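Quick notes on the structure that follows.
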Amino acid sequence: MGQTVSREELRQRVWRGYQAVTSRTIDTHVSRVRTKLGLVPSAGFELASVYGVGYRLQKLA
């Protein structure tokens with residue numbers, strides 16, 4: 000929690016480096032994870048986009 004994970008790292012770990020996985024594919028899956036896990040600010044957690052890098056799970060105060 001609190002560490003930024005790059006899209007490339009997600010591609011390597013989740014899709015085992017499969018080259019056809021695009022940045023947009025990753026964005027779509029992350030959006031679905033947010034919805035399914037209820038990761039919204041009102042729940043106290045956020046799966047935040049880090050522009051040009053990737054994503055970060057953070058607990059909100």
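Each residue of the sequence shown is one higher than the one before, counting from 0 in numbering that gives the first Met the number 0. We treat Cβ as the ideally placed atom computed from N, Cα and C, and that holds for glycine. It should be emphasised that the depicted structure is a prediction, and the values quoted were computed from it without experimental measurement.
Among K58, G37 and S48, whose alpha-carbon lies nearest the alpha-carbon of T3? S48
Which residues mark the beginning and the end of the beta strand (DSSP E) in which L9 is found? Not the beta strand (DSSP E): L9 falls in the alpha helix (DSSP H), residues R6 to V13.
Helix or strand or just coil, what does DSSP make of T3? strand
Between the beta-carbon of L36 and the beta-carbon of E45, is there less than 8 angstroms? no
Span separating the alpha-carbon of R15 from that of H28: 15 angstroms
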